Amino acid sequence: MNLFKKQNNFYRAGWITFLLVFALTAFFISCSDQQQEAAPAESDGGVSTGLPADASAIAAARNLTPDDIVAALKTYVPTGQHDDYIMFSSGGHAGQVFVIGLPSMRLLKTIGVFTPEPWQGWGYGSEETMAILNNGQADGEQTVMWGDTHHPALSETAGDYDGQYLFINDKAHARVAVIDLRDFETKQIIKNPIAINDHGGTFVTPDTDWVIEGGQYAAPLGWEYASLDEYAEDYRGMVTFWKFDRDSGRIDYDASFAMELPPYWQDLCDAGKRVSEGWVFCNSFNTEMATGGIESGEPPFEAGASQRDMDYLHVINMDKAIGVAAAGQTIEVNGFPVISLDTSVAEGLLYFIPEPKSPHGVDITPGGEYMVISGKLDPHTTVFSFEKIQAAIADGNFETDQYGVPILDFDAVLEAQIELGLGPLHTQFDDKGYAYTSLFLESTVARWALGGPYGEMHEEEDWSLVGKQSVHYNVGHIAAAEGDTVSPDGTYLVSLNKWAVDRFANVGPLLPQNFQLIDIGSPGEQMQLLYDMPIGVGEPHYAQIIKGDKLSPWEVYPEIGWDPGIQAVNPEAPMSGEEKVVRNGNEVEIWMTAVRSHFTPEHVEINQGDHVIWHITNVERAYDATHGFSLPGYNIQLSLEPGETATFEFDATEDGVFSYYCSEFCSALHLEMVGYLLVKP
Ligand code: RUQ
Ligand code: CUA
63 MNLFKKQNNF
73 YRAGWITFLL
83 VFALTAFFIS
93 CSDQQQEAAP
103 AESDGGVSTG
113 LPADASAIAA
123 ARNLTPDDIV
133 AALKTYVPTG
143 QHDDYIMFSS
153 GGHAGQVFVI
163 GLPSMRLLKT
173 IGVFTPEPWQ
183 GWGYGSEETM
193 AILNNGQADG
203 EQTVMWGDTH
213 HPALSETAGD
223 YDGQYLFIND
233 KAHARVAVID
243 LRDFETKQII
253 KNPIAINDHG
263 GTFVTPDTDW
273 VIEGGQYAAP
283 LGWEYASLDE
293 YAEDYRGMVT
303 FWKFDRDSGR
313 IDYDASFAME
323 LPPYWQDLCD
333 AGKRVSEGWV
343 FCNSFNTEMA
353 TGGIESGEPP
363 FEAGASQRDM
373 DYLHVINMDK
383 AIGVAAAGQT
393 IEVNGFPVIS
403 LDTSVAEGLL
413 YFIPEPKSPH
423 GVDITPGGEY
433 MVISGKLDPH
443 TTVFSFEKIQ
453 AAIADGNFET
463 DQYGVPILDF
473 DAVLEAQIEL
483 GLGPLHTQFD
493 DKGYAYTSLF
503 LESTVARWAL
513 GGPYGEMHEE
523 EDWSLVGKQS
533 VHYNVGHIAA
543 AEGDTVSPDG
553 TYLVSLNKWA
563 VDRFANVGPL
573 LPQNFQLIDI
583 GSPGEQMQLL
593 YDMPIGVGEP
603 HYAQIIKGDK
613 LSPWEVYPEI
623 GWDPGIQAVN
633 PEAPMSGEEK
643 VVRNGNEVEI
653 WMTAVRSHFT
663 PEHVEINQGD
673 HVIWHITNVE
683 RAYDATHGFS
693 LPGYNIQLSL
703 EPGETATFEF
713 DATEDGVFSY
723 YCSEFCSALH
733 LEMVGYLLVK
743 P
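Under our numbering, think of the first position of the sequence shown as 63, with each following residue one higher.
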């Protein structure tokens with residue numbers, strides 16, 4: 063697999079070099095020509111209208127530098143050709159997932175997840191989507207209509223992306239979603255039963271047996287009330303382990319469990335891999351247990367939670383925790399099994415390592431040997447050794463925190479500290495023995511050389527800063543191609559920037575967020591910024607980038623009558639020739655088909671007050687022959703991909719004449735793809 067990847071990279075590199083040499087030569091030759099001829103396009107100020115036909119003259123007219131031309135050549139994907147990589151980016155507050163091709167940075171799809179998405183008919187009536195969104199509601203009166211998606215996680219087999227599933231969390235409401243990459247649709251949303259918010263999710267174990275969801279702002283478990291005066295006693299952190307069942311493509315709620323943690327703010331987690339498989343690592347902050355209260359003269363959270371030089375990296379023996387949970391050594395919170403803090407301490411499931419300062423993120427090296435931590439307020443990145451952690455645990459002899467959790471000695475488990483710059487955050491890896499860390503305050507991405515087994519992969523000194531790439535501006539996460547797997551590709555890196563400031567045309571005070579594509583293909587100091595992609599929906603947090611050929615989604619649904627909710631044919635699905643309207647008392651059931659360019663039936667007559675159950679199958683088999691179904695006034699909007707069936711129900715409370723129509727421009731007679739629902743008063 064590795065060899066194969068390297069070959070691909072080699073071929074790509076060869077191809078790119080050829081083009082570059084060609085383009086640069088042409089550029090320089092023509093530049094010198096133009097000095098004599100005075101390029102005509104220069105006189106119109108370099109605007110694109112009336113550009114010369116010759117490539118090098120265009121470059122001159124548009125004032126493109128040789129670097130610009132290189133960047134353009136590296137990212138241009140000719141019409142009809144496919145991108146090499148696919149990036150799955152969190153959609154931030156949009157509660158969605160963006161699918162983006164690399165290197166072109168073209169937006170291919172927006173997957174509705176926590177937020178209704180009308181084009182896909184996600185959350186506009188269809189039983190399947192409403193059931194998934196409703197499952198994600200917390201108990202109580204309030205309906206949640208959005209999510210703050212943070213961390214997408216591709217499913218893995220033996221630590222490598224396998225292209226089958228994608229998971230993502232909603233920080234605002236502590237929810238986890240499962241997306242099936244056969245049809246790129248959300249299949250499940252689970253509300254965490256013990257926490258109101260999360261952050262350290264989603265992260266998967268190397269074979270996707272478990273999906274990890276760590277907490278964030280401590281609160282009484284199960285959303286009980288407790289005064290902030292009782293913070294240390296009654297507030298708690300948590301990490302939840304969701305059991306994933308690959309065959310059904312769903313999280314198995316009943317086989318899942320959580321661990322109670324001290325009320326430090328768990329931040330981000332990562333699963334151990336290879337040598338550290340079976341362990342989970344979560345960084346934390348606010349071990350000060352600050353409770354804020356600026357309005358009553360208390361230090362605000364930002365100061366209160368940053369007093370100590372060290373917080374605690376949580377080191378969790380997950381394999382052992384699974385055994386403890388399976389043995390029933392749990393308490394119940396909202397009916398959900400939770401390993402209590404006391405049990406974790408007694409069973410040796412949880413250890414702490416002091417981590418500097420105001421930490422954010424923990425990332426495990428491809429072979430699982432090292433845990434990389436960055437502190438927002440420490441210019442260093444800190445590397446701990448799994449081997450040393452194991453030795454320290456075996457040694458015993460710990461100090462403990464106030465909850466009795468053993469604290470390992472910092473120096474005993476430290477492997478290296480590398481001074482990178484201001485505001486280090488998140489780290490990714492490549493195939494050259496380098497790590498990449500985002501520097502929020504500096505707006506740069508640092509490339510640094512790993513040591514240990516990675517030392518022989520590069521020429522630089524082990525554990526040393528190699529180079530920096532400026533980004534614009536305020537980078538949060540970075541995503542490298544397969545950069546958190548056991549075999550990173552080392553081709554591209556995307557910087558997910560929070561601010562754009564003046565980089566794009568002014569669109570008012572709310573600015574786009576800026577994804578920047580960086581070439582990390584060649585070793586040494588040099589990286590190259592290739593492309594800016596403003597994204598008008600914020601705030602994307604993290605992304606993962608998978609080799610495009612690992613994905614093999616369906617082109618059309620496998621059979622007519624396919625129900626994406628069960629990924630099988632629905633026996634109730636209407637079929638051609640069997641369309642009908644059946645009344646049973648006050649209940650009217652409709653079996654309808656859609657095909658270019660008509661619905662059958664085209665008239666549906668009912669009475670006000672009827673309860674309506676309406677099934678529609680798109681009986682098409684042609685690639686991309688999607689039909690929409692919109693029923694105005696009843697908030698119904700479906701997207702029916704070829705073969706798909708959907709059902710919706712409503713009470714016909716409004717009388718009148720409602721034209722239902724196809725909302726996809728599917729054919730020349732698309733406008734005629736319409737019918738009348740007549741609701742008699
Ligand atoms: S994090 S604020 Cu992934 Cu840097 Cu959520
Ligand atoms: Cu079907 Cu338009």
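The beta carbon of each residue, even a glycine, is placed where N, CA and C say it ideally should be. A quick note: this is a predicted structure, and the numbers were derived from the prediction, not measured.
Between which two residues does the beta strand (DSSP E) carrying residue i extend?
{"i": "Gly718", "result": "Gly718 to Tyr723"}
{"i": "Ser152", "result": "Tyr147 to Ser152"}
{"i": "Val674", "result": "His673 to Asn680"}
{"i": "Gly423", "result": "Pro421 to Ile426"}
{"i": "Leu375", "result": "Met372 to Asn379"}
{"i": "Thr707", "result": "Thr707 to Asp713"}
{"i": "Thr405", "result": "Not the beta strand (DSSP E): Thr405 falls in the alpha helix (DSSP H), residues Leu403 to Glu409."}
Tell me the residue span of the alpha helix (DSSP H) that contains residue i.
{"i": "Gln452", "result": "Phe448 to Asp457"}
{"i": "Ala294", "result": "Tyr293 to Asp296"}
{"i": "Asp224", "result": "Taken as a continuous stretch (DSSP letters only), Asp224 belongs to no alpha helix (DSSP H), being part of the beta strand (DSSP E) at Asp222 to Asp232."}
{"i": "Thr137", "result": "Pro128 to Thr137"}
{"i": "Gly366", "result": "Phe363 to Gly366"}
{"i": "Ile258", "result": "Careful: Ile258 lies outside any alpha helix (DSSP H) and carries neither H nor E."}
{"i": "Met321", "result": "That residue, Met321, is in no alpha helix (DSSP H); its beta strand (DSSP E) goes Arg312 to Leu323."}
{"i": "Thr191", "result": "Glu189 to Asn197"}
{"i": "Ala121", "result": "Ala117 to Ala123"}
DSSP beta-bridge partners for residue i?
{"i": "Phe265", "result": "Ile274"}
{"i": "Cys331", "result": "Cys344"}
{"i": "Ser462", "result": "Reading off the sequence shown, one finds Thr at residue 462, where the question assumed Ser. Answer by DSSP bridge pairing, in chain order: Pro468."}
{"i": "Phe566", "result": "None; Phe566 has no bridge partner."}
{"i": "Phe398", "result": "Val395"}
{"i": "Pro812", "result": "Here the chain comprises residues numbered 63 to 743, so residue 812 is not present and cannot be evaluated."}
{"i": "Lys742", "result": "Asn669"}
{"i": "Gly690", "result": "Ser701"}
{"i": "Gly174", "result": "Gln158"}
{"i": "Gln621", "result": "First, the residue type needs correcting, since residue 621 is Glu and not Gln in the sequence shown. DSSP output for Glu621 lists no bridge partner at all."}
{"i": "Pro663", "result": "Answer is none; Pro663 lacks a bridge partner."}
{"i": "Asp307", "result": "Arg312"}
{"i": "Gly209", "result": "Paired residue(s): none; Gly209 is not in a bridge."}
{"i": "Tyr516", "result": "Answer is none; Tyr516 lacks a bridge partner."}
{"i": "Gly737", "result": "Tyr722"}
{"i": "Leu412", "result": "Ile378"}
Let me confirm a value: residue i is counted as buried when at least 16 other C-beta atoms fall within 10 Å, else exposed. Which label applies?
{"i": "Met637", "result": "exposed"}
{"i": "Pro468", "result": "buried"}
{"i": "Glu244", "result": "Reading off the sequence shown, one finds Arg at residue 244, where the question assumed Glu. Label assigned to Arg244: buried."}
{"i": "Ser318", "result": "buried"}
{"i": "Val719", "result": "exposed"}
{"i": "Ile356", "result": "exposed"}
{"i": "Phe80", "result": "Its pLDDT being 43, under 50, Phe80 is placed unreliably in this model, and the coordinates cannot settle the point."}
{"i": "Asn559", "result": "buried"}
{"i": "Phe84", "result": "Model confidence at Phe84 stands at a pLDDT of 46, short of 50, so the residue's coordinates are unreliable; what they give is reported in the following sentence. That one is exposed."}
{"i": "Thr553", "result": "buried"}
{"i": "Arg298", "result": "buried"}
{"i": "Glu523", "result": "exposed"}
{"i": "Val569", "result": "exposed"}
{"i": "Arg237", "result": "buried"}
{"i": "Thr141", "result": "exposed"}
{"i": "Ala193", "result": "exposed"}
{"i": "Tyr287", "result": "exposed"}
{"i": "Gln369", "result": "exposed"}
{"i": "His144", "result": "exposed"}
{"i": "Ala103", "result": "At Ala103 the pLDDT is 39, less than 50, meaning the model places this residue with poor confidence and gives no usable figure here."}
Establish whether the CB of residue i and some CB of chain E are separated by less than 7 Å.
{"i": "Lys530", "result": "Here chain E cannot be found, since the structure has a single protein chain."}
Point to revise | Three CB pairs or more closer than 8 Å across the stretch 124-140 and the stretch 158-170 | key: Flag = yes, the stretch 124-140 and the stretch 158-170 touch.
Review point. Pairing CB atoms from the stretch 263-282 with CB atoms from the stretch 215-222, are three or more of them under 8 Å?
Key: Counting Cβ pairs under 8 Å, three or more are found: they touch.
Practice item. Entirely within the stretch 477-513 and at least 3 residues each: give me those beta strand (DSSP E) ranges in chain order. Key: The DSSP assignment places complete beta strand (DSSP E) segments of no fewer than 3 residues inside the stretch 477-513 at 486-491, 496-501 and 506-511, in order along the chain.
Review point. Of all the beta strand (DSSP E) runs that stay within the bounds of the stretch 528-562, which reach a length of 3 or more residues?
Key: Listed in chain order, they are 537-542 and 554-559.
Review point. Can at least three beta-carbon pairs, one atom from the stretch 545-552 and one from the stretch 493-504, be found at a separation below 8 Å?
Key: At 8 Å Cβ cutoff, the stretches touch.
Check your understanding: Would you call the stretch 593-608 and the stretch 674-688 in contact, with 3 or more CB pairs under 8 Å?
Key -> Not touching, per the Cβ criterion.
**Study point:** the stretch 344-363 contacting the stretch 304-314, beta-carbon criterion three pairs below 8 Å
**Key:** Counting Cβ pairs under 8 Å, fewer than three are found: no touch.
Check your understanding: Pairing CB atoms from the stretch 562-570 with CB atoms from the stretch 529-544, are three or more of them under 8 Å?
Key -> Touching, per the Cβ criterion.
Check your understanding: Are there three or more Cβ pairs, one per stretch, closer than 8 Å when the stretch 383-403 is compared with the stretch 428-440?
Key -> The stretch 383-403, when compared against the stretch 428-440, does not touch it at the 8 Å Cβ threshold.
Review point. How about the stretch 691-708 and the stretch 180-187: do they share at least three Cβ pairs that are nearer than 8 Å?
Key: Of all C-beta pairs linking the stretch 691-708 to the stretch 180-187, three or more are shorter than 8 Å, placing the two stretches in contact.
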